[in-house]
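Asks: Quick note on the UniProt record's numbering: the sequence shown kicks off at 1 and runs consecutively. Think of the CB as a built atom: it goes at the ideal place given N, C-alpha and C, for glycine as much as any other residue.
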Amino acid sequence: MAEQGNRPNFIVRFFRWVWNLFTQPAAKVGAGILVIIGVVVGIAGWQTKMTVIDATSSTAFCTSCHEMEAFVLPAVAEGPHWNNASGVRAECKDCHVPDEYFPKMGVKINAGLVELPAHFMGKISTQEKYDDYRPTMAHSVWEKMKANDSRECRNCHEWEAMAEDGQSRPAWMLHQRAQEEGQTCIDCHDGVAHGMSRRDYEKQAETAAGGL
């Protein structure tokens, strides 16, 4: 009963405090208004920033430039992360934009300082340029994923959630061995999303060298 009786008093005190912010002498009024404005602007700014981050992380935005739509998307569309029996599609952000705040900000800052200027300078603006630079980009992403223990893969895939009866016997044994040896997803599944694995690039380089 005492707790219920305190609620109206708390509400009255709160509204009285807000009222006093605007009825006290000018200096106090100014301070009160600044506090309220600061809180409102801070909340609005934070929400705007997160909205922009979400919008610029969408697959539609990522593939809106020529090189992504013409060169990257076709390879992704042929992979099991894009079309599969379950109908679950991994979008660009699921693999390339971390859920955690600070890693996400790191990715966004890098995009603004490195990737965006490269786009405007036409670094991979033609098929030939893209093919030449593709191995470098792939290895850069693999190194990052190796360093963070395939963090983005684990947003959907977990050792504990793997069912033995849902895999072939060889696949199950390989997954068990990989877990025991501390391997991570990207060690074996490096070509699953963009269609080219480390071995594919090595063969490509060997073929090119043999043709010289």
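Quick one: Cα of G210 to Cα of F71, how far?
Replies: Here residue 210 refers to the residue found at position 210 of the sequence shown. Here residue 71 refers to the residue found at position 71 of the sequence shown. C-alpha of G210 to C-alpha of F71: approximately 26 Å in a straight line.
Asks: Just to confirm, does F71 get its C-beta within under 7 Å of one of the non-hydrogen atoms of the ligand ADP?
Replies: Because no ligand of any kind appears in the structure shown, any question about the ligand ADP cannot be addressed here.
Asks: Is D94 helix, strand or coil when you go by DSSP?
Replies: Taking the sequence shown and counting its residues from 1, the one referred to as residue 94 is at position 94. Note: D94 maps to helix in three-state DSSP.
Asks: Which residue wins for smallest C-alpha separation from K93, given the options M137, P170, D54?
Replies: Locating residue 93 in the sequence shown gives position 93, where the first residue counts as 1. Closest by alpha carbon: D54.
Asks: To the nearest angstrom, report how far apart R199 and S58 are at their CA atoms.
Replies: By 1-based counting over the sequence shown, the position of residue 199 is 199. By 1-based counting over the sequence shown, the position of residue 58 is 58. The alpha-carbon atoms of R199 and S58 are separated by roughly 30 Å.
Asks: What does the Cβ neighbour count give for A2, buried or exposed, with the cut at 16 atoms within 10 Å?
Replies: One-based indexing of the sequence shown puts residue 2 at position 2. Only weak support is given to the placement of A2: the predicted model assigns it a pLDDT of 48, under 50, and the value that follows is read from those uncertain coordinates. Counting Cβ neighbours within 10 Å, A2 comes out exposed, since fewer than 16 surround it.
Asks: Would you call the stretch 62 to 80 in contact with the stretch 125 to 134, where contact means no fewer than 3 C-beta pairs closer than 8 Å?
Replies: yes
Asks: If we count the other Cβ atoms within 10 Å of its Cβ and call it buried at 16 or more, is E152 buried or exposed?
Replies: Taking the sequence shown and counting its residues from 1, one reaches residue 152 at position 152. Buried is the call here.
Asks: Is it right to say M145 is buried, meaning 16 or more other beta carbons lie within 10 angstroms of its own, or is it exposed?
Replies: By one-based count along the sequence shown, residue 145 stands at place 145. M145 should be labelled buried.
Asks: Does DSSP put M105 in a helix, a strand or coil?
Replies: The residue you call residue 105 lines up with position 105 of the sequence shown. Assigned with DSSP and collapsed to three states, M105 falls in helix.
Asks: Here's the rule I'm using: 16 or more other beta-carbon atoms within 10 Å means buried, otherwise exposed. How should E67 be labelled?
Replies: In the sequence shown, residue 67 corresponds to position 67, counting from 1. Classification for E67: buried.
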